[in-house]
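> In the working numbering, the protein residues as written are 253 to 484.
(1) Mind checking residue 483: buried by the 16 CB within 10 Å criterion, or exposed?
(2) Select from 442, 467, 457 the residue whose C-alpha is nearest the C-alpha of residue 279.
(3) Thinking C-beta only, is residue 447 closer than 8 Å to residue 355?
(4) Taking 6 Å as the limit between beta carbons, can you name the residues of its chain near residue 269, skipping five residues before and five after?
(5) Of all the alpha helix (DSSP H) runs that stay within the bounds of the segment 340 to 420, which reach a length of 4 or more residues?
(6) Please classify residue 309 as buried or exposed, where buried requires at least 16 neighbouring CB atoms within 10 angstroms.
(7) For residue 445, which residues from the same chain have a beta carbon less than 7 Å from its beta carbon, with the 5 sequence-adjacent residues on both sides left out?
(8) Could you check which residue in 273, 311, 410 has the C-alpha nearest to that of residue 478?
(9) Quick check: the Cα distance between residue 275 and residue 319, rounded to an integer number of angstroms?
(10) For the alpha helix (DSSP H) that contains residue 321, what are its first and last residues?
(11) Taking residue 286 and residue 324 to be in contact with their CB atoms under 8 Å, please state how far apart those CB atoms are, rounded to whole angstroms.
(12) Apart from the five residues just before and just after residue 462, which ones in its own chain have a Cβ nearer than 6 Å to its Cβ?
(13) Where residue 347 and residue 392 are concerned, what is the direct C-alpha to C-alpha distance, given to the nearest angstrom?
(14) Are the segment 467 to 474 and the segment 291 to 311 in contact at 8 Å, needing three or more beta carbon pairs?
(15) Going by beta carbon distance, what residues of the same chain come within less than 6 Å of residue 417, once the five residues before and after it are set aside?
(16) Per DSSP, which one or two residues make a beta bridge with residue 293?
(17) Of the choices 336, 300, 314, whose alpha-carbon is the least far from that of residue 458?
(18) For residue 267, collect the residues of the same chain with a Cβ closer than 7 Å to its Cβ; drop the 5 residues on either side in sequence, then sort them by chain order.
(19) Rounded to whole angstroms, what's the CA-CA distance from residue 386 to residue 364? Just pull it up for me.
(20) How many Å lie between residue 284 and residue 428 at the Cα?
(21) By the three-class DSSP mapping on this structure, what secondary structure does residue 436 have?
(22) Can the beta-carbon of residue 370 be found less than 8 Å from the beta-carbon of residue 296?
(23) Go through its chain and collect everything with a Cβ distance to residue 311's Cβ below 6 Å, but skip five positions before and after it.
(24) Buried or exposed: residue 349, going by 16 or more other Cβ atoms within 10 Å of its Cβ?
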């Protein structure tokens, strides 16, 4: 079985990330993982608010470049090894504090969809259907979060390993079961103490981001939960 981390942030592209991407890759390789998905934050608070900076294409180009820095550094760190690095994101829309993990897109995706984080979940889900992405709600019962419309989701993060938040994982697992959605897990890696809190296990490694998204949508994986000391 192959172990993957589905929720990983970098110092380069997430303001709350405290570990450089290359160091994070090294740490996960030492833990015996076979790959990870870089899911840096993508929102007006994590990136830029166009109502303050302007909506110009040159501004969006800068947002996209900054967003990809962590992924690019992680990918470079894994070159020449069997360790796989996939591109993903954790997107938040303007009107609440819900977060959504997105899998299956390429580096050109943000450029093709200017200011996508200023839209809404149904807009993202429509794009996901057209482009074969997977949309998973992260930690839906964390403080200030709530369960999103299951019709706009492929899955729910049923176990979030971040020790600095009470994600109420048991409620997330119940939601996935009741809504008939796939349940994923993620360490929500930001700091060294978040390392390898959980993983998904697959019988082989997806060859592309799109294949990864397909396997997530179909639930073609097993989950390994760890122990998390949750605190609000």
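Think of the CB as a built atom: it goes at the ideal place given N, C-alpha and C, for glycine as much as any other residue.
This is what the structure holds:
(1) Translated into positions along the chain shown, residue 483 becomes position 231. Any reading at residue 483 needs caution, since the residue's pLDDT is 35, under 50, leaving its predicted position unreliable; the model's value is listed next. With fewer than 16 Cβ atoms within 10 Å of its Cβ, residue 483 is classed as exposed.
(2) Translated into positions along the chain shown, residue 279 becomes position 27. The alpha carbon of residue 279 has as its nearest neighbour, out of 442, 467, 457, the alpha carbon of 442.
(3) For the purposes of this step, residue 355 is taken as residue 103 along the chain shown, with counting starting at 1. For the purposes of this step, residue 447 is taken as residue 195 along the chain shown, with counting starting at 1. A distance of 8 Å or more separates the beta carbons of residue 355 and residue 447.
(4) In the chain shown, residue 269 corresponds to position 17, counting from 1. A distance below 6 Å between beta-carbons, with the five flanking residues on each side excluded, links residue 269 to the following residues of its chain, in chain order: 261, 262, 263, 442.
(5) As far as the segment 340 to 420 is concerned, its whole alpha helix (DSSP H) runs of at least 4 residues are 361 to 364, 373 to 383.
(6) What you label residue 309 is simply residue 57 of the chain shown in a count that begins at 1. Answer is exposed; the Cβ neighbour count stays below 16.
(7) One-based indexing of the chain shown puts residue 445 at position 193. Cβ within range, chain order: 415.
(8) Within the chain shown, numbered from 1, the residue matching residue 478 stands at position 226. Residue 410 holds the alpha-carbon nearest to the alpha-carbon of residue 478 among 273, 311, 410.
(9) On the chain shown, position 23 is the one that residue 275 refers to. On the chain shown, position 67 is the one that residue 319 refers to. If you take the alpha carbons of residue 275 and residue 319, they lie about 18 Å apart.
(10) As a first step, residue 321 must be located in the chain shown, where it is residue number 69. For residue 321, the uninterrupted alpha helix (DSSP H) run begins and ends at 309 to 330, by DSSP.
(11) Residue 286 sits at position 34 when you count from the first residue of the chain shown. Residue 324 sits at position 72 when you count from the first residue of the chain shown. Going by Cβ atoms, the distance from residue 286 to residue 324 rounds to 20 Å, so no, they are not a contact pair.
(12) Position 210 of the chain shown, counting from 1, holds the residue named residue 462. Sequence-distant Cβ neighbours of residue 462 in its own chain, meaning closer than 6 Å and more than five residues away, are 356, 384.
(13) Taking the first residue of the chain shown as position 1, residue 347 is located at position 95. Taking the first residue of the chain shown as position 1, residue 392 is located at position 140. Taking the CA atoms as reference points, residue 347 sits about 15 Å from residue 392.
(14) No: the two stretches stay apart, fewer than three of their Cβ pairs being nearer than 8 Å.
(15) Here residue 417 refers to the residue found at position 165 when the chain shown is read from its first residue. Closer than 6 Å at Cβ, skipping near neighbours: 394.
(16) Here the question's residue 293 lines up with position 41 in the chain shown. Beta-bridge partners assigned by DSSP to residue 293: 342.
(17) On the chain shown, position 206 is the one that residue 458 refers to. For the options 336, 300, 314, the alpha carbon positioned closest to that of residue 458 is the one of 336.
(18) For the purposes of this step, residue 267 is taken as the residue at position 15 of the chain shown. Here the set comprises 298.
(19) Locating residue 386 in the chain shown gives position 134, where the first residue counts as 1. Locating residue 364 in the chain shown gives position 112, where the first residue counts as 1. Taking the Cα positions, residue 386 is about 17 Å away from residue 364.
(20) Numbered from its first residue, the chain shown carries residue 284 at position 32. Numbered from its first residue, the chain shown carries residue 428 at position 176. Between residue 284 and residue 428, the C-alpha separation is close to 28 Å.
(21) By one-based count along the chain shown, residue 436 stands at place 184. Strand.
(22) On the chain shown, position 118 is the one that residue 370 refers to. On the chain shown, position 44 is the one that residue 296 refers to. Yes. Within cutoff.
(23) Against the chain shown, residue 311 aligns to sequence position 59. Within the same chain, residue 311 has close Cβ partners 305.
(24) On the chain shown, position 97 is the one that residue 349 refers to. The residue in question, residue 349, is exposed, as its Cβ has fewer than 16 Cβ neighbours within 10 Å.
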